[in-house]
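**Student:** Handing you a structure now.
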Amino acid sequence: MKWYSIGSLSFPASWAAIAAALILAYIYLRLQGEKQAAELYSNAFFIFVLTWKLSVILFYFETTVKNPLSIVYFNGGIRGYWLGIAAGFLYLFFAGKKSAVNKLHVQVWIVVITIYELVFFLLNNGHILLSGFQIIGSILILLLTKKQSGNTVWSIQILILFICFQGLVYSMAGNLFSIQMMTYSAGALFLGWTAWKGCGTKQ
19 MKWYSIGSLS FPASWAAIAA ALILAYIYLR LQGEKQAAEL YSNAFFIFVL
69 TWKLSVILFY FETTVKNPLS IVYFNGGIRG YWLGIAAGFL YLFFAGKKSA
119 VNKLHVQVWI VVITIYELVF FLLNNGHILL SGFQIIGSIL ILLLTKKQSG
169 NTVWSIQILI LFICFQGLVY SMAGNLFSIQ MMTYSAGALF LGWTAWKGCG
219 TKQ
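Residue numbers (the numbering used here): 19 to 221.
Spelled out as C-alpha cells, the structure:
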C-alpha cells in the first residue's frame with residue numbers, strides 16, 4: 019500500500035480512500051435532497067474517527083501518559099478500529115430510530131464501498147482488469163438499488179448480492195479475509211438488519 023504526505027502528516031492510501039468515500043457519499047446524499055441522512059452519516063463517520071483516535075488512550079495508556087502528543091499521531095490500532103466501527107454503527111442505530119433514513123442504509127453502504135474501491139485503485143495503481151471488473155460491477159449493482167428503492171426486501175437482496183460480489187473479487191485477489199472485506203460484511207449485516215427493522219417487511 020502506498021503512503022502519501024501533506025506537510026509533516028503521512029497517511030496510507032486507505033485513509034485517503036475512506037475520506038474521499040465519505041465526502042463524496044455526503045455530496046451524493048445532498049444532491050439527492052437527503053440533508054438529514056447526509057448529516058446522520060457524517061456524524062457516524064466523525065464518531066468512528068474520534069473513537070478510533072482516542073482509543074489509543076485505552077489500549078496504549080502508559081505510552082499516552084508518557085507522551086500525550088501520541089493521541090495526535092497514533093490511533094488504537096486494529097482493536098481501536100473495530101471499536102470505532104461499533105461506535106459508528108451504534109450511533110446509526112439509535113439516531114436512525116428518530117429519523118426516516120433507515121431505508122437509505124443499504125444504498126449508502128454500497129455507495130461508500132464503491133467510491134472507496136475506486137479511489138483506492140487510483141491511489142495504489144492496482145490490477146486494472148480486476149479493479150475495473152470490481153468497480154463496474156459495483157456501479158451496476160448500485161443502479162439496481164434504484165429499481166425498487168422503497169422495497170426493503172429488494173434492497174437487502176441487492177446488498178447480499180453486492181457483498182457476495184465483493185467477496186468474489188477479494189477472493190480472486192487472495193484477500194478474502196482482509197480488514198476491508200470483514201468491514202464490508204459486518205456493515206452489511208448491521209445495516210441490512212436495521213433497514214429491515216426500520217422499514218418492516220410489508221411491501
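Built from N, CA and C at the ideal position, the CB exists for glycine as well.
Taking 8 Å as the threshold (C-beta atoms), are residue 39 and residue 141 in contact?
**Tutor:** Position 123 of the sequence shown holds residue 141. Position 21 of the sequence shown holds residue 39. Their beta carbons are not under 8 Å apart, which means residue 141 does not touch residue 39 by this criterion.
**Student:** Quick one: which unbroken alpha helix (DSSP H) runs of 4-plus residues sit fully inside the stretch 106–185? Chain order, please.
**Tutor:** Within the stretch 106–185, the complete alpha helix (DSSP H) runs of at least 4 residues are 123–142, 146–163.
**Student:** Hey, how far is the Cα of residue 192 from the Cα of residue 19?
**Tutor:** Indexing the sequence shown from 1 puts residue 192 at position 174. Indexing the sequence shown from 1 puts residue 19 at position 1. Cα to Cα, residue 192 sits roughly 15 Å from residue 19.
**Student:** Return helix, strand or coil for residue 88, following the three-state DSSP convention.
**Tutor:** The residue you call residue 88 lines up with position 70 of the sequence shown. Of the three classes helix, strand and coil, the one that applies to residue 88 here is helix, per DSSP.
**Student:** Would you be able to state if there are at least three C-beta pairs under 8 Å between the stretch 149–156 and the stretch 122–140?
**Tutor:** Counting Cβ pairs under 8 Å, three or more are found: they touch.
**Student:** Assuming residue 58 and residue 114 make a contact with CB atoms under 8 Å, what is their CB distance in whole Å?
**Tutor:** Residue numbering aside, residue 58 sits at position 40 when the sequence shown is read from its first letter. Residue numbering aside, residue 114 sits at position 96 when the sequence shown is read from its first letter. Between residue 114 and residue 58 the Cβ distance is about 7 Å, and since that is below 8 Å, they are a contact.
**Student:** For the structure I just gave you, are there three or more beta carbon pairs, one from the stretch 179–199 and one from the stretch 69–85, closer than 8 Å?
**Tutor:** No: the two stretches stay apart, fewer than three of their Cβ pairs being nearer than 8 Å.
**Student:** Spatial neighbours of residue 128 within its chain, please: CB distance less than 8 Å, with the 5 preceding and 5 following residues excluded, ordered by chain position.
**Tutor:** Here residue 128 is taken as the residue at index 110 of the sequence shown, counted from 1. For residue 128, where only same-chain residues beyond five positions count, the Cβ hits under 8 Å are 156, 159, 160, 163, 176, 177, 180.
**Student:** Identify the continuous beta strand (DSSP E) that holds residue 195 and give its terminal residues.
**Tutor:** On the sequence shown, residue 195 is found 177 positions in, with the first residue counted as 1. No beta strand (DSSP E) contains residue 195, which DSSP labels as neither H nor E.
**Student:** Hey, would you say residue 210 sits closer than 8 Å to residue 126, going by beta carbons?
**Tutor:** Walking along the sequence shown from the start, residue 210 turns up at place 192. Walking along the sequence shown from the start, residue 126 turns up at place 108. Going by C-beta atoms, residue 210 is not nearer than 8 Å to residue 126.
**Student:** According to DSSP, what are the bridge partners of residue 103?
**Tutor:** Here residue 103 refers to the residue found at position 85 when the sequence shown is read from its first residue. Per DSSP, none; premise fails for residue 103.
**Student:** Going straight from the alpha carbon of residue 201 to that of residue 84, what length do you get?
**Tutor:** What you label residue 201 is simply residue 183 of the sequence shown in a count that begins at 1. What you label residue 84 is simply residue 66 of the sequence shown in a count that begins at 1. If you take the alpha carbons of residue 201 and residue 84, they lie about 32 Å apart.
**Student:** Mark residue 122 as exposed unless 16 or more other C-beta atoms lie within 10 angstroms of its C-beta, in which case mark it buried.
**Tutor:** The residue given as residue 122 occupies position 104 in the sequence shown. With 16 or more Cβ atoms within 10 Å of its Cβ, residue 122 is classed as buried.
**Student:** With residue 37 and residue 47 assumed to form a contact (beta carbons below 8 Å), what rounded beta-carbon distance in angstroms separates them?
**Tutor:** The count along the sequence shown starts at 1 and reaches residue 37 at position 19. The count along the sequence shown starts at 1 and reaches residue 47 at position 29. In fact, because the Cβ distance is near 16 Å, the residues do not count as touching under 8 Å.
**Student:** Count the other C-beta atoms from every protein chain shown that fall within 10 angstroms of the C-beta of residue 22, then say buried if there are 16 or more, exposed otherwise.
**Tutor:** Counting from 1 along the sequence shown, the entry for residue 22 is found at position 4. Flag for residue 22 reads exposed.
**Student:** According to DSSP, simplified to helix, strand and coil, what is residue 78?
**Tutor:** To locate residue 78, count along the sequence shown from 1; it is residue 60. Reduced to three states, the DSSP call for residue 78 is coil.
**Student:** Which residues in the same chain as residue 53 place their Cβ atom closer than 7 Å to its Cβ, once the five residues preceding and following it in sequence are excluded?
**Tutor:** Position 35 of the sequence shown, counted from the start, is the residue given in the question as residue 53. No residues qualify anywhere along the chain.
**Student:** May I ask you to list the residues that DSSP assigns as paired with residue 22?
**Tutor:** Translated into positions along the sequence shown, residue 22 becomes position 4. Partner(s): 29.
**Student:** Taking the alpha-carbon of residue 69 as reference, which of 51, 89, 80, 203 has the nearest alpha-carbon?
**Tutor:** Within the sequence shown, residue 69 is the residue found at index 51, counting from 1. Comparing Cα-Cα distances from residue 69 to each of 51, 89, 80, 203, the minimum goes to 89.
**Student:** With H, G and I counted as helix, E and B as strand and the rest as coil, what does DSSP make of residue 93?
**Tutor:** Position 75 of the sequence shown, counted from the first residue, corresponds to residue 93. Residue 93 falls in the coil class under three-state DSSP.
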